[in-house]
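Chemist:
2 protein chains.
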Amino acid sequence: MLDARKRQVLFAIVQDYIQTAEPIGSRTIAKRHALGVSPATIRNEMADLEELGFLAQPHTSAGRIPSDRGYRFYVDAMEQLPTLTAVDAETVKRQLSGMLRGQQTMLDALARLVSSLTNYTSIVVGPQPHQARLQLMQAVPLDENRAVIMLVLDTGMVANEVLALPRGLDMYDLLVFCNYVNLNLAGTLLSKLKDMNFEAYAGQLRAGAQVLEQTMDSLIASLSRSDGDRVVLSGATNILNQPEFKDIAKLRAIMRVLDEHELVLRLVTSAPGAGASVSIGAENAVEALRDCSLITATYELSGGQTGHICVLGPTRMEYARVIALLNYVTKLVGRA
Amino acid sequence: MLDARKRQVLFAIVQDYIQTAEPIGSRTIAKRHALGVSPATIRNEMADLEELGFLAQPHTSAGRIPSDRGYRFYVDAMEQLPTLTAVDAETVKRQLSGMLRGQQTMLDALARLVSSLTNYTSIVVGPQPHQARLQLMQAVPLDENRAVIMLVLDTGMVANEVLALPRGLDMYDLLVFCNYVNLNLAGTLLSKLKDMNFEAYAGQLRAGAQVLEQTMDSLIASLSRSDGDRVVLSGATNILNQPEFKDIAKLRAIMRVLDEHELVLRLVTSAPGAGASVSIGAENAVEALRDCSLITATYELSGGQTGHICVLGPTRMEYARVIALLNYVTKLVGRA
DNA sequence: GTTAGCACTCGCCAGTGCTGAGTGCTAACA
DNA sequence: TGTTAGCACTCAGCACTGGCGAGTGCTAAC
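Chains as they are written, first to last, in my numbering: chain A, 1 to 336; chain B, 337 to 672.
(1) Taking a Cβ distance cut-off of 8 Å, strictly less, list which residues of the segment 157-186 of chain A are near chain B, in chain order.
(2) What are the complete alpha helix (DSSP H) segments, minimum 4 residues, inside the segment 163-251 of chain A?
(3) Is it true that the CB of Ala607(B) sits closer than 7 Å to the CB of Thr309(B)?
(4) When the Cα of Leu325(A) is compared with those of Lys6(A), Pro58(A), Tyr120(A), Gln57(A), which residue comes out closest?
(5) For Gly25(A), which residues from the same chain have a beta carbon less than 7 Å from its beta carbon, with the 5 sequence-adjacent residues on both sides left out?
(6) With respect to the alpha helix (DSSP H) encompassing Ser362(B), which residues constitute its N-terminal and C-terminal limits?
(7) Since Gly621(B) and Ile590(B) are thought to touch, with beta carbons under 8 Å apart, how far apart are those beta carbons, to the nearest angstrom?
(8) What residues from chain A crowd round Met442(B), counting only those whose CB sits closer than 7 Å?
(9) Comparing the C-beta of Ile584(B) with each C-beta of chain A, is any distance below 7 Å?
(10) How would you label Met1(A), buried or exposed, when you count the other beta carbons within 10 angstroms and need 16 or more for buried?
(11) Give me the chain B residues within the contact set of Thr237(A), using Cβ-Cβ distance strictly less than 7 Å, ordered along the chain.
(12) Using a Cβ distance threshold of 8 Å, determine whether the segment 30-39 of chain A contacts the segment 49-57 of chain A, with at least three qualifying pairs required.
(13) So if I threshold CB-CB distances at 9 Å, which residues from the segment 479-493 of chain B count as touching chain A?
(14) Give the single residue among Leu96(A), Gly156(A), Gln57(A), Leu212(A) whose Cα lies nearest to the Cα of Ala500(B).
(15) Assuming the contact rule is C-beta atoms closer than 8 Å, Asp404(B) and Lys342(B) should be a hit. Round their C-beta distance to whole Å, please.
(16) Can you tell me whether Arg592(B) is helix, strand or coil according to DSSP?
(17) Kindly indicate which three-state DSSP category Arg7(A) falls into: helix, strand or coil?
(18) Within 7 Å (strictly less), CB to CB, does Leu240(A) reach chain B?
(19) List, in chain order, every chain B residue whose beta-carbon is nearer than 8 Å to that of Val140(A).
(20) Nearest-angstrom Cα distance between Ser277(A) and Val568(B)?
(21) Does Asp563(B) come within less than 7 Å of chain A when only Cβ atoms are used?
(22) Rounded to a whole number of angstroms, what is the C-alpha to C-alpha distance between Arg657(B) and Pro359(B)?
(23) Going by other Cβ atoms of all chains shown within 10 Å of its Cβ, with 16 needed for buried, is Asn184(A) buried or exposed?
(24) Which two residues bound the contiguous alpha helix (DSSP H) that contains His597(B)?
(25) Looking at the secondary structure, which residues open and close the alpha helix (DSSP H) in which Pro608(B) lies?
(26) According to DSSP, is Pro337(A) part of a helix, a strand, or is it coil?
(27) Rounded to the nearest angstrom, what separates Asn481(B) and Leu548(B) at their Cα positions?
(28) Answer with buried or exposed for Ser433(B), where buried requires no fewer than 16 other C-beta atoms within 10 angstroms of its C-beta.
(29) Taking Asp509(B) as the reference, which of Ala483(B), Asp424(B), Leu630(B) has the closest Cα?
(30) Along the chain, where does the alpha helix (DSSP H) containing Val411(B) start, and where does it finish?
(31) Do you know how far the Cα of Leu153(A) is from the Cα of Asp76(A)?
(32) So, using beta-carbon positions, are Pro394(B) and Val350(B) closer together than 7 Å?
(33) For Ala348(B), I'd like the list of residues in its chain whose CB is within less than 7 Å of its CB, leaving aside the five on either flank, ordered along the chain.
(34) Could you tell me the distance, in whole angstroms, from the CA atom of Leu151(A) to the CA atom of Asp479(B)?
Structure (structure tokens):
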């Protein structure tokens, strides 16, 4: 679709612009990339590329910068996925092996790892409980009238809450209720539990029924949280380093999006499944991210639960490097 | 120390400047505050106040702005703590009653509440385990070779982790170990557990000893986390709205500080105990926060654990309102 | 098809002059 | 002695200007 030299020129501009963030002129290309032709020739090619929509010119006497379409072409044309530098791979491996412990902590550390390695903002979405089933409900008495109530899923996820026993409900009642739940509901899909009304179960416990039901609902909700709390952000500061966002208004618009975890969640989870998926500039549904690109990758834990890692940067992003990194990280995370 | 009129002038400037973020001139004061004197007289007072260090002048022909010392005087002089507007109080009460559930969620919601009400950045530090003791250790089998291990403290805090049974350690061994811990270590202070070497206990389990010990350490660490993970930030975006931070460099410096949760933790927890404590501009140890003020309040849960809520804003902060809010919030949180 | 030459465009920058807000000083007043 | 009106002065902000330089598009020659 583009002849060889046009591609060379386009790629040169994309690469240089990613590095410098300054519009690239014909002379610069002629000097830095040995295309074997003069600036004038390159100018002609550039004019063609602009007409085709791959380049844009900020103003008449400036060099060219890639358009969204230009970046898209560049990304699609990266035939084999570029590999990570050895040092990056090493860093990932080392850090990752140290962090495969508690859930929340891991998401956090993962986000931090990715953002520090890329110098972009990273977004990690925790695994969805998916097909999780209730394994066990348990109450642990703390003192005469307080107990911790815990729900354990077969995926190993745990939710817990402290319950102050209301008048008319004693520890024994609570344990009976636990037994009842374990006998009748062990193995039930989390999604089913969500729609369930526990009043029927707790009903026999007269006074405490409402409190118990509230507690159960809250525990189940916290396990199946499809909302903001599964989203972890890191390196938002890195946005400030990008010259394209020295304008406070733009910055604020982006930050505001990042603050809305529900929106971010939808954005990140909507990415198609396999491999790293790239969404460039105006391809993003959200207005405020028109100058940004998102690279999203999906990881799958051994239990079959899936989550997402996403990198947010300017459209002028180091696509190759980030894609390689995300592919590597998701692979490693999946293995653990 | 300051005669009545000087105080009036100073307060007028502080209040107006908090509202407008523009240097205040003598004429403005004469018009907006009925001091009964002409601008010329006010000018004389202002010159005196500047000499005394309560005011500063950005440049010769600008009005005056309060210095750190000016704010300090203003804050110290607020005799009785100003009360919250009824509508604010109502909002707090309503929101708060809905959120007193899961730990992490609550911190998050609390931070969000405070930042949305103040339009500043809020920092919430979760309660320290303090004098917590081990209540129970429990293992819940998930399948043949995976189990969730949970530690429950007498404060109701729970840490859990999935353990893949290594070769040579079976479910029975694990349960024995649990029993052993419960028999020998229940009631032990968390701080003691931290320094404990579980190899001795796990030693008899030959092969699995190391894995078990690692798991215990990680669980205990996550319970006693004195590091970053107890810190929850919200409304960092609000910083962008302050005209004093339209300069990207300053902004970045502040953001960088906020990213370092350990530093933030130290900053917030170092505030003296009772009531809301205010730290203005250069009073902050951290260089990057020289143009900021921190208002920190401590809450104490029924269990005796203490945590902190902190509001970060420009030195030109609505001190009265924020102090009132924090006092109210901490009181309400403490009750639950 | 390629290239050198050249006129042209336009952002950026430094310099200029104007305006308005606000001050400090002085002298007059109560 | 404290207060006030008047006035000269200062200085940021703004609009405007001209020069510079980077980079372009076009044309004509190779």
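Don't be surprised by glycine CBs; every beta carbon is placed ideally from N, CA and C.
Modeler: For this structure:
(1) Val158, Ala159, Asn160, Glu161, Val162
(2) 171-185, 190-194, 199-202, 209-224, 238-241
(3) This structure gives no information on residue 309(B), because the portion of chain B shown stretches from 337 to 672.
(4) Along the first sequence, read from residue 1 onward, the residue named residue 325(A) stands at position 325. Taking only the C-alpha atoms, the option nearest Leu325(A) is Tyr120(A).
(5) As a working note, residue 25(A) is residue 25 in the first sequence. Same-chain partners within the cutoff: Gly63.
(6) By 1-based counting over the second sequence, the position of residue 362(B) is 26. Unbroken alpha helix (DSSP H) run through Ser362(B): 362-368.
(7) Start at 1 with the first residue of the second sequence, and residue 621(B) comes out as number 285. Start at 1 with the first residue of the second sequence, and residue 590(B) comes out as number 254. In the sequence as displayed, the identity of residue 621(B) is Ala instead of Gly. Not quite, the Cβ-Cβ distance comes to about 14 Å (not below 8 Å), so this is no contact.
(8) On the second sequence, position 106 is the one that residue 442(B) refers to. Simply none; closest approach about 10 Å.
(9) For the purposes of this step, residue 584(B) is identified with residue 248 of the second sequence, where counting begins at 1. Output row for Ile584(B): interface = yes.
(10) For this step, residue 1(A) is matched to residue 1 along the first sequence. Burial call: exposed.
(11) Numbered from 1 along the first sequence, position 237 holds the residue referred to as residue 237(A). One finds Arg588, Met591, Arg592, Asp595 in chain B with Cβ atoms closer than 7 Å to the Cβ of Thr237(A), taken in chain order.
(12) no
(13) Asp479, Arg482, Ala483, Val484, Met486, Val488, Leu489, Asp490, Thr491, Gly492, Met493
(14) Position 164 of the second sequence, counted from the first residue, corresponds to residue 500(B). Looking at the Cα atoms, Gly156(A) is the closest of the given residues.
(15) In the second sequence, residue 404(B) corresponds to position 68, counting from 1. In the second sequence, residue 342(B) corresponds to position 6, counting from 1. Contact flag wrong, Cβ pair sits at about 18 Å.
(16) Here residue 592(B) corresponds to residue number 256 of the second sequence, with the count starting at 1. Arg592(B): helix per DSSP, three-state reduction.
(17) On the first sequence, position 7 is the one that residue 7(A) refers to. Three-state result, Arg7(A): helix.
(18) Numbered from 1 along the first sequence, position 240 holds the residue referred to as residue 240(A). Yes, because at least one Cβ of chain B sits closer than 7 Å to the Cβ of Leu240(A).
(19) One-based indexing of the first sequence puts residue 140(A) at position 140. Within 8 Å Cβ-Cβ: Gln471, Leu472, Gln474, Val488.
(20) Stepping through the first sequence from its first residue, residue 277(A) is reached at position 277. Stepping through the second sequence from its first residue, residue 568(B) is reached at position 232. Rounded to the nearest angstrom, the two C-alpha atoms are 31 Å apart.
(21) Position 227 of the second sequence, counted from the first residue, corresponds to residue 563(B). Here the model assigns Asp563(B) a pLDDT of 47, short of 50, so the residue's position is not dependable, and the following value carries that caveat. So, not an interface residue.
(22) As a first step, residue 657(B) is located in the second sequence; it is residue number 321 there, counting from the start. As a first step, residue 359(B) is located in the second sequence; it is residue number 23 there, counting from the start. In a straight line, the C-alpha of Arg657(B) is about 22 Å away from that of Pro359(B).
(23) What you label residue 184(A) is simply residue 184 of the first sequence in a count that begins at 1. Burial call: exposed.
(24) Position 261 of the second sequence holds residue 597(B). Start and end: 597-605.
(25) Taking the first residue of the second sequence as 1, we reach residue 608(B) at position 272. For Pro608(B), there is no enclosing alpha helix (DSSP H), since its DSSP letter is neither H nor E.
(26) It is not possible to answer for residue 337(A), since the shown part of chain A is limited to 1 through 336.
(27) By one-based count along the second sequence, residue 481(B) stands at place 145. By one-based count along the second sequence, residue 548(B) stands at place 212. Whole-angstrom Cα-Cα distance: 14 Å.
(28) By 1-based counting over the second sequence, the position of residue 433(B) is 97. Within 10 angstroms of the beta-carbon of Ser433(B) lie fewer than 16 other beta-carbons, which makes it exposed.
(29) Looking up residue 509(B) in the second sequence gives position 173. It is Ala483(B).
(30) Position 75 of the second sequence, counted from the first residue, corresponds to residue 411(B). Its alpha helix (DSSP H) spans residues 404-413.
(31) For the purposes of this step, residue 76(A) is taken as residue 76 along the first sequence, with counting starting at 1. For the purposes of this step, residue 153(A) is taken as residue 153 along the first sequence, with counting starting at 1. Distance between the alpha carbons of Asp76(A) and Leu153(A) is about 41 Å.
(32) Taking the first residue of the second sequence as position 1, residue 394(B) is located at position 58. Taking the first residue of the second sequence as position 1, residue 350(B) is located at position 14. No.
(33) The residue given as residue 348(B) occupies position 12 in the second sequence. Ile365, His369.
(34) For the purposes of this step, residue 151(A) is identified with residue 151 of the first sequence, where counting begins at 1. For the purposes of this step, residue 479(B) is identified with residue 143 of the second sequence, where counting begins at 1. So the two alpha carbons sit approximately 16 Å from each other.
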